[in-house]
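In terms of full-length UniProt numbering, the numbers along the sequence shown are unbroken and rise by one, the last being 278. The beta-carbon is built from N, C-alpha and C at its ideal position, and this holds for glycine as well. See structure below.
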Amino acid sequence: MLLAAPRFALPETVGEALSALAERPDAVVVAGGTEVMPDLLWRVRTAAGFVSLRRVGALRGTSRDGDELVVGAGTPVAALVDAEAGALAAAARSLGTPLVRTEATIGGNVVSALPYRNMLPALLALDARLELTSDTGRRTVAFDGFTTAPGVTRLGEGELLTAVRLPTRPCFSDYVKIGRRNAQYVATVSAAVVSRNGAVRLAFGNAGPVPLRSDAVDVVATALLDGRAGPDDLRAAVADAVDPPEDTVASAAYRRHALGVLATRLVVRAQVDAGLGS
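Okay, here's the thing in structure tokens:
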């Protein structure tokens, strides 16, 4: 159902949402509103109208599709705090307060495309894929590379993010962040790890203009996992790979150091999980 009000649409299906977006190309898509409403209140963005996804039930919930976990883009972050993937669950638990987690959605976190958003390093480490739907069909793209600049994605005109797909192959994964406080504050820096079959994949938040990972860092992290490298080697590799911002919250030097500490901490946890450390 579409409301008659010209500046607001409240669709109940994905098809209705796409039609509403086509009729209102300048409208802001909103689900939980935790990204959009503060921006409007702080006047850092304006809105010519809204397409609300709150009633689109097909965008909420999780399911299995072969060896992938499919998470609807409108699924509240609160529904992911006990997710099978440890990194996803840890990132969800560290996002805001219980009230914020109840309203915030995984899709909103992804499409915000801001480097300090909690869920992004977890999705990058987990090698997530994104399901994008438009009037012409559906395409699936890697999350790696989806964000091209702060607040900018490869989402096409008239497209909606409808689902996040995560591999369900056995692995160890975790997420950690540093912030001024645990609740209601974005990550100063964050990191996520996946360890599978003796190989390590790390990803970082607020380590550059977009969620960041590095093949060179993963090589050293894998060597640290099995004892062929030391913590100093990993911290040096991370320092070379990242390009963190400098602002009133923290200096670039502090963020670079903290990212190396988080990376080492995560690999040590992976060691313990694999029975290689203590």
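- Inside the stretch 26-98, DSSP marks whole alpha helix (DSSP H) runs of 4 or more residues at positions 36-41, 86-93, from first to last along the chain.
- The three-state reading of DSSP puts residue 162 in strand, counting E and B together.
- C-alpha of residue 271 to C-alpha of residue 209: approximately 30 Å in a straight line.
- The count of Cβ pairs closer than 8 Å, one atom from the stretch 123-135 and one from the stretch 93-102, stays below three, leaving the stretches out of contact.
- Rounded to the nearest angstrom, the Cβ distance from residue 21 to residue 51 is 5 Å, consistent with a contact under 8 Å.
- Residue 76 counts as buried, since at least 16 other C-beta atoms from the protein chains shown sit within 10 angstroms of its C-beta.
- With at least 16 other beta carbons inside 10 angstroms of its own, residue 166 counts as buried.
- For residue 118, the number of other beta carbons within 10 angstroms of its own is at least 16, and it is reported as buried.
- In the displayed model, residue 214 falls within coil according to three-state DSSP, outside both helix and strand.
- By the CB criterion at 8 Å, residue 174 and residue 201 fall outside the cutoff.
- The beta carbon of residue 81 sits closer than 8 Å to the beta carbons of 89, 92, 93, 101 from its chain, once the five residues preceding and following it are set aside; these are given in chain order.
- Between residue 176 and residue 265 a beta carbon distance of about 6 Å is seen, short of the 8 Å cut, so the two are scored as contacting.
- Between the alpha carbons of residue 10 and residue 54 lies a distance of about 8 Å.
- Proximity of the stretch 153-161 to the stretch 239-255 falls short of the contact definition, fewer than three beta-carbon pairs being nearer than 8 Å.
- With a cutoff of 8 Å on beta-carbon distance, residue 59 and residue 49 are scored as not near each other.
- DSSP lists 134 as the bridge partner or partners of residue 137.
- For residue 114, the secondary structure class from DSSP, reduced to helix, strand or coil, is coil.
- Out of 66, 255, 179, the CA that lies nearest to the CA of residue 240 is found in 255.
- Contact annotation: residue 205 and residue 116 have beta-carbon atoms nearer than 8 Å.
- Each residue's CA atom was taken as its position, placing residue 84 and residue 253 some 35 Å apart.
- Assigned with DSSP and collapsed to three states, residue 175 falls in strand.
- Judged by DSSP in its simplified three-state form, residue 148 adopts strand.
- When the alpha-carbon of residue 196 is set against those of 168, 141, 113, 149, the nearest one is in 168.
- Measuring C-alpha to C-alpha distances from residue 178 to each of 65, 262, 230, 36 identifies 262 as the nearest.
- Distance from the CA of residue 268 to the CA of residue 226, rounded to the nearest whole angstrom, comes to 10 Å.
- Excluding its 5 nearest sequence neighbours in each direction, residue 233 has C-beta neighbours in its own chain below 6 Å: 220, listed in chain order.
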